[in-house]
Amino acid sequence: MIVVNIKKKDNLINEIIIKGHAKYDEYGKDIVCASISSIVITTINALLRIDQDSIKYQESDGLINIQVLKHSDVIDKLIINMIELLKDLQRQYRKNIKIND
150 MIVVNIKKKD NLINEIIIKG HAKYDEYGKD IVCASISSIV ITTINALLRI DQDSIKYQES
210 DGLINIQVLK HSDVIDKLII NMIELLKDLQ RQYRKNIKIN D
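Sequential numbering of the sequence shown, starting at 150, is according to the numbering used here.
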């Protein structure tokens, strides 16, 4: 299962930790894993295009850690959009993704 932990301070999201494996299907055929990866990497790329200093992230096997360093209306909306998309997946694949916010 992929677990998404969202950390907030003063009602602002300042860290998102995504870890684990969806285990919906075998490697290379796992649509849940592919969907999560696509949502998260697309959001990271968009945030970095808006402001290179808006986030810091680390990626390794089964782990993505995103630290939000700057907040703005656009940055916060992109992060909230990513979380809403992940919540949509959680509603469809409860055995494969869990979001703690």
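Cβ atoms here follow ideal geometry from the backbone N, Cα and C, with glycine treated the same way. The structure presented is a predicted model; accordingly, all values stated were derived computationally and were not measured.
Go ahead and label residue i buried or exposed: buried means 16 or more other beta carbons lie within 10 angstroms of its beta carbon, across all protein chains shown.
i: N194; result: exposed
i: L218; result: exposed
i: I151; result: buried
i: L197; result: exposed
i: L238; result: buried
i: I224; result: buried
i: I190; result: exposed
For residue i, collect the residues of the same chain with a Cβ closer than 6 Å to its Cβ; drop the 5 residues on either side in sequence, then sort them by chain order.
i: L212; result: K168
i: E164; result: K156 and Q216
Give the range of the alpha helix (DSSP H) segment to which residue i is assigned.
i: E233; result: D222 to Q241
i: L196; result: I180 to I199
Which residues mark the beginning and the end of the beta strand (DSSP E) in which residue i is found?
i: L161; result: L161 to G169
i: N249; result: I246 to N249
Just the Cα atoms here: how many angstroms apart are residue i and residue j?
i: Y242; j: Y173; result: 9 Å
i: S186; j: N230; result: 14 Å
i: K247; j: I166; result: 12 Å
i: V153; j: K226; result: 18 Å
i: N249; j: D159; result: 17 Å
i: E208; j: C182; result: 15 Å
For the stretch 173-181 against the stretch 192-201, are there 3 or more C-beta pairs whose distance is under 8 Å?
no
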